[in-house]
Amino acid sequence: MIRPDSPILLEITDLHATVGDQPILKGVNLTLRAGEIHAVMGRNGSGKSTLSKILAGHPAYTVTAGTIHYRGEDLLALAPEERARAGVFLGFQYPVEIPGVSNLEFLRVATNARRGARGEEELDTFAFEDLVRERLKVVQMDPAFLERSVNEGFSGGEKKRNEILQMALLEPLVAILDETDSGLDIDALRIVSAGVNQLATPDNCILLITHYQRLLDEITPDFVHVMAAGRILRTGGKDLALELERRGYDWVDEGLEPAPQADPAAPALEVV
Amino acid sequence: MVSLAVSSATAPGSASAAWLESVLSAFDQPQFLSSGGVSSGDLALARIRASARDHLRGMGMPRSHHEAWRFTSLAPLIAVPPRVLPPVRHEGGSEPESSPATEALRLYWDGDRDPLAGVVLPEGLSRIEPAAQEAFLGTALAEAGTEDSWLARFSAALVGQVLALRVRGRVSVPLELVSDCGDRSGVRPLRLLLVLEENASLELLQVHRAAGPSLSTAVVETRLGAGARLRHGVLGLGSDTSCLFAHLAVSQAPGSELELTTAVGGWGLVRLEPALTQSQGAAVTRLRGLQVARDHQIADLHSLVRFQGPEGQLDQLQKAVVDDAARSVFHGAVQVPREAQRTKASQLSRNLLLSDRARVDAIPQLEIVADDVRCTHGATVTRLQQEELFYLRSRGLGADQAARLLLEGFCDEILDALPEPASFWQPARSLLGQALPQ
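The listed protein sequences correspond, in order, to chains A and B. Last residue of the first sequence? That's 429 in the working numbering, and every number before it is there in order. Last residue of the second sequence? That's 451 in the working numbering, and every number before it is there in order.
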């Protein structure tokens, strides 16, 4: 939902980043307001996942230039856990399996960390069980998964549902969902998408990172951005995704030809 | 790091020889033998003692050129005052009012008083009288071929009494043996003889605690009859100046099942020697082990599993968490001679290094002669996984809390296998330190 007067939650300005010595992001600009759903599309290697990991604070990536502001504060100054507590959530493309760590216990500790930061009372085991059982419905997840180790032995679909369950519990203001549709069959895609739609409110914003139109058939984005070579080359409405599906990414690459290297500060947006 | 470098850290010869001599004479008093309440005057024990003393004087102290001890410094051992650990009236005095979390029969075991005095044993459990012990004492050691283990000899040379128990049928109440040296100094020798008859079953937790410069040394001999089942846990909670030695010899008849889980941490020096024999094969052995060591602590586990007949099974998982300049040693011998066809054995050693100075020596030693067997082994040494840490932090858990949760997860796989009475001792918290911050 686009409301020009709604507050800016996330503002990325001229973001440059490297992993090791390898430049990955080369000037990303993006603004997310409350109530909006954005989709970032692009080929493998275009920098989509790097962008998501940097937003969450992954230590392997180095920001070399640019800024990220979350509700006006410098997000890059915060440790990963501080970002999470403040309301930034990354749904992982490949959720990590953690043997021996109970999923229920993990969800409870995470939920209480976020609640603490919001000045809410921590939930004891019983109160949390009530909450988690209610939120399980968002992703139609079997309570048996609570008793298992975090993501251990979960199928691809179960892992993604577990991610959305975490989103439902943490109630983030900025949710970045990195290829949440990958590895999902049609039914699981519908369930996960329905969960995300249920969690989208006028007060939060969602950044979907995806390769495919099929996720956007289920979750309607307000904006679609196309990344290539570390920059956002095109931005449009939901129709842009359809056009991309029709014309392929080569069409986007045409936008690369006037190589911006001479002037990296030049605006990289091309509104369609 | 996994390394095969030779350690030169063994205590200087003369000081350690003097220490050994002092310990032997401290336990040489004739009244020590007769003060034992369980089997005093027992000839078999006296003979074992005398023979062990002879052997020990010949062997001297282990040195770094002894293969079985080359990674294990004895410096913490000879810092223990070479005297008899003074007995206390209230064993387990730090929690005299506490009772086990679950229904369990707790016996305090100090090598001095009779742990069974005034105790009503549950159905199926009975004392083996001294005259009847002779048929069993030393036999499990002999079958494993570990009579000459220095640790077993040393312990046998000091022991003045044996706690000897027989199990018939299924004992429904778990048995808990608690040896708590408190902060006292000195040496406490213990010996347990456990005989499970055909189809008998028992759950046993053996707890060793120490907070001062003490050495607890135990020899446990267990015989499992055909079809018998034993779930045996050893939980050792120590301190920088305390040492724990335990030799655990088990002889398994066909159809028997042994689940032996050891979890030790905090000891200046701890060495465990499970020595298991499947006397005719066709038995099931499940070994689980966890060592936690920090500062300059040394944790050593030398296991031996011997299959003396076909169709035996072994599932062994040994783990270590090693921080600071601590050291973990795991030596896992598995012997599969020609007669042990169709043996299935797996051994895995998983180690978590938390510091650059920590050290792990994991040495599998599989001797396989039989040709129709399935034996696997493996060892991993890793650090905490950065992707796991990041995943937890990205959900709001602080770096310390995330690391702690991963550590607990690593340990729980072993701790969950301890017999139920272990929960009373809060093993994860006791081994890893403070509780998880919420």
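Note that CB positions come from ideal geometry on N, CA and C, so glycine has one too.
B:Phe403 carries a helical assignment under DSSP once its states are collapsed to helix, strand and coil. Using beta-carbon distances, A:Arg391 does not count as an interface residue toward chain B, since no partner is under 9 Å. Contact annotation, B:Arg197 with B:Ser227: C-beta distance approximately 6 Å; criterion of less than 8 Å satisfied.
Secondary structure note for A:Ser206: its alpha helix (DSSP H) is the uninterrupted segment Lys205 to Ala213. Of the residues assessed, A:Lys294 falls on the exposed side of the cut-off, its CB having fewer than 16 other CB atoms within 10 angstroms. Here A:Gln250 has Ser206, Asp335, Glu336 and Ser339 as same chain residues with Cβ atoms under 7 Å from its own Cβ, once five neighbours each way along the sequence are excluded. Judged by DSSP secondary structure, A:Met158 falls outside any beta strand (DSSP E); it is assigned neither H nor E. Taking a beta-carbon distance threshold of 9 Å, A:Glu262 counts as an interface residue toward chain B. Annotation: B:Val283 is outside any alpha helix (DSSP H); the continuous beta strand (DSSP E) that includes it extends over Leu282 to Gln291. Distance from the CA atom of A:Asp231 to the CA atom of A:Leu166, rounded to whole angstroms, is 12 Å. Closer than 9 Å to the CB of B:Glu421 there is at least one CB belonging to chain A. Only those residues of the region 256 to 284 of chain B whose C-beta falls short of 7 Å from the nearest C-beta of chain A would be listed, and there are none. Membership of B:Val133 in any beta strand (DSSP E) is not indicated, and neither H nor E is assigned to it by DSSP.
By the C-beta criterion, the region 305 to 318 of chain A is judged not to be in contact with the region 277 to 284 of chain A, since fewer than 3 inter-stretch pairs fall below 8 Å. The CB of B:Leu365 never comes closer than 7 Å to any CB in chain A; the least such distance is about 11 Å. Of all residues in the region 302 to 316 of chain B, none comes within less than 8 Å of chain A when Cβ atoms are compared. DSSP, read as helix, strand or coil, puts A:Gly223 in strand. Residues Ile61, Arg62, Ala65 and Val232 of the same chain have their beta carbon placed closer than 7 Å to that of B:Ala169, with the five preceding and five following residues left out of the count. Comparing alpha carbon positions, the residue from A:Val197, A:Glu193 and A:Val185 closest to A:Thr221 is A:Val185. Secondary structure at B:Ala259: strand, using DSSP grouped into helix, strand and coil. Under DSSP, B:Gly268 takes part in no beta bridge, so it has no partner. In chain order, Arg408 make up the part of chain B whose C-beta sits under 7 Å from the C-beta of A:Gln323.
Look at the beta carbons and you see the region 363 to 380 of chain A touching the region 347 to 355 of chain A: at least three pairs across the two are nearer than 8 Å.
Contact annotation, B:Arg284 with B:Glu189: C-beta distance approximately 23 Å; criterion of less than 8 Å not satisfied. A:Trp408 is classed as exposed because its beta carbon has fewer than 16 other beta carbons within 10 Å across all chains shown. Every beta strand (DSSP E) stretch that sits fully inside the region 301 to 346 of chain B and reaches 3 residues is listed by chain position as 311 to 320 and 326 to 335.
In this model, A:Pro329 and B:Asp413 are separated by some 23 Å (Cα to Cα).
Taking a beta-carbon distance threshold of 9 Å, B:Gly411 counts as an interface residue toward chain A. The DSSP-derived three-state label of A:Pro300 is helix. Collapsing the DSSP output to three states places A:Leu166 in a strand. A distance below 6 Å between beta-carbons, with the five flanking residues on each side excluded, links A:Leu327 to the following residues of its chain, in chain order: Phe246 and Arg271.
Taking a cut-off of 8 Å for Cβ pairs, the region 234 to 245 of chain A and the region 283 to 292 of chain A do not touch, as fewer than three such pairs fall below it. For the region 279 to 309 of chain A, the set of residues with a beta-carbon nearer than 9 Å to any beta-carbon of chain B comprises Glu279, Ser306, Val307 and Asn308, in chain order. For the C-beta of A:Ile255, the chain B residues within less than 9 Å are, from N- to C-terminus, Gln398, Glu401, Tyr404, Leu405, Leu418, Leu419 and Gly422. Only those residues of the region 181 to 193 of chain A whose C-beta falls short of 8 Å from the nearest C-beta of chain B would be listed, and there are none.
Residues Thr23, Pro75, Arg76 and Trp163 of the same chain have their beta carbon placed closer than 8 Å to that of B:Trp82, with the five preceding and five following residues left out of the count.
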